[in-house]
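J.:
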Amino acid sequence: MVIFFTVAFSLEHQVNRGSILLTGTQFESADVPICPITIPFVTLPLVFRGEMIFPASVKTLYSIGIFWLAFALLFGRGWCSWLCFFGGIDQACAAAARKPNLKVKGLSRPWRLFPYAFLLFLILVALAALYPLYCAWLCPLRIAYDPPSVNTTLEWLSAVVFVGGGLVFLIGGPYLTKKRLYCSLICPLLPVNTVVGLLSPFRVKVDREKCNDCGACVRVCESFAMTGESLARGGPVMECTRCGRCMDACPRGAIDYRLIGTGIGVRPVFVTLAVVFNLLITSGFIMALVRFLQTGEIRFA
Numbered sequence: 029m030v031i032f033f034t035v036a037f038s039l040e041h042q043v044n045r046g047s048i049l050l051t052g053t054q055f056e057s058a059d060v061p062i063c064p065i066t067i068p069f070v071t072l073p074l075v076f077r078g079e080m081i082f083p084a085s086v087k088t089l090y091s092i093g094i095f096w097l098a099f100a101l102l103f104g105r106g107w108c109s110w111l112c113f114f115g116g117i118d119q120a121c122a123a124a125a126r127k128p129n130l131k132v133k134g135l136s137r138p139w140r141l142f143p144y145a146f147l148l149f150l151i152l153v154a155l156a157a158l159y160p161l162y163c164a165w166l167c168p169l170r171i172a173y174d175p176p177s178v179n180t181t182l183e184w185l186s187a188v189v190f191v192g193g194g195l196v197f198l199i200g201g202p203y204l205t206k207k208r209l210y211c212s213l214i215c216p217l218l219p220v221n222t223v224v225g226l227l228s229p230f231r232v233k234v235d236r237e238k239c240n241d242c243g244a245c246v247r248v249c250e251s252f253a254m255t256g257e258s259l260a261r262g263g264p265v266m267e268c269t270r271c272g273r274c275m276d277a278c279p280r281g282a283i284d285y286r287l288i289g290t291g292i293g294v295r296p297v298f299v300t301l302a303v304v305f306n307l308l309i310t311s312g313f314i315m316a317l318v319r320f321l322q323t324g325e326i327r328f329a
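Structural data, given as structure tokens:
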């Protein structure tokens, strides 16, 4: 998905605004494509202060919000592994290395709480200053999506932040550690997906009668979700992205997707739904590219 999305997104910018770069003038307009990551800190200022702080229309916020919420309610943080437009970046970099060159055994409690504190900070800034701080200054995804023009000192400074963050959290860090650092530490949607995911009908569970505590699932987990402590409790921590790598790694078949409140294994159902919805979303980007090849026009609406 991420490849087709990136190509279609970049072409849309090149065709409709003449450049993939985002200038200050364009950022002050109301015609910048909105992404799901902005939902937590853009929606609340709109609700409580009546201000749309992202340079996009309210209609597009509602559209992407409903789209995201429907999938988050069904898959929880499974969104991050199966459906996110951007999640494939650090996931691919983490998978590219044969073994970790920099071993990170797990996250301490402060680091597990950091994404929640970070999101709270972004929300408070958005409510107080009516400013999308993350989008304007902090989002490392902007090395690929809406990179800034670099005509002023501030634009150069923001570009350095984006490139540095991208190298650490999206490319180099995941490759060295075999961990999805962006998705596990600084994505603003992580806490929201986790909380909304509590309503999802699917859970990842470990059959303790089959498990022999070999630790294979802990070693392959890219999101720090499966730990020795959580394994003993019968499953990953609630920030699990439900990617299924632990299930593939388990030599005893002790891990499965279960329907909440039951012991029913539903991995074929979960994977089928996730793949079908992924293909449906991807097909939209493919159709946009086909339309571009046929007409020279491309637009997300």
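Quick note on numbering: the sequence shown equals residues 29 to 329 in this note's numbering.
Positions of the beta carbon are idealized from the N, C-alpha and C atoms, including for glycine.
1) If you reduce the DSSP assignment to three classes, tell me which class Lys127 lands in.
2) According to DSSP, Tyr285 sits in a beta bridge with which residue or residues?
3) Sorted by chain position, which residues of the same chain lie with C-beta nearer than 6 Å to Ser251's C-beta, five sequence neighbours on each side aside?
4) Just the Cα atoms here: how many angstroms apart are Glu325 and Ala316?
5) Let me know the secondary structure DSSP gives Pro176 once reduced to three states.
6) How would you write the range of the alpha helix (DSSP H) that Gly201 sits in, first residue to last?
7) At what residues does the alpha helix (DSSP H) containing Asp276 begin and finish?
8) Sort out for me which residues DSSP pairs Gly293 with in a bridge.
9) With a threshold of 6 Å on Cβ separation, who are the neighbours of Thr323 within its own chain once the five nearest residues in sequence on each side are excluded?
10) Which whole runs of the alpha helix (DSSP H) in the stretch 72-112 are 4 residues long or more, in chain order?
11) Compute the Euclidean distance between the alpha carbons of Pro175 and Phe305, then round it to the nearest angstrom.
12) To the nearest whole angstrom, what separates the beta carbons of Asn221 and Arg105, a pair I think is in contact under 8 Å?
13) Provide the residue span of the alpha helix (DSSP H) that contains Glu183, from first to last.
14) Under three-state DSSP, which class holds Leu155?
15) Pair every Cβ in the stretch 79-93 with every Cβ in the stretch 164-173, then say whether three or more of these pairs are closer than 8 Å.
16) Can we say the stretch 96-113 touches the stretch 175-187, given the rule of at least three CB pairs closer than 8 Å?
T.: So, from the data block:
1) coil
2) Val232
3) Arg208, Ser212 and Thr269
4) 9 Å
5) strand
6) Gly200 to Thr205
7) Arg273 to Ala277
8) Arg286
9) none
10) 86-103 and 106-110
11) 29 Å
12) 5 Å
13) Thr181 to Gly193
14) helix
15) no
16) no
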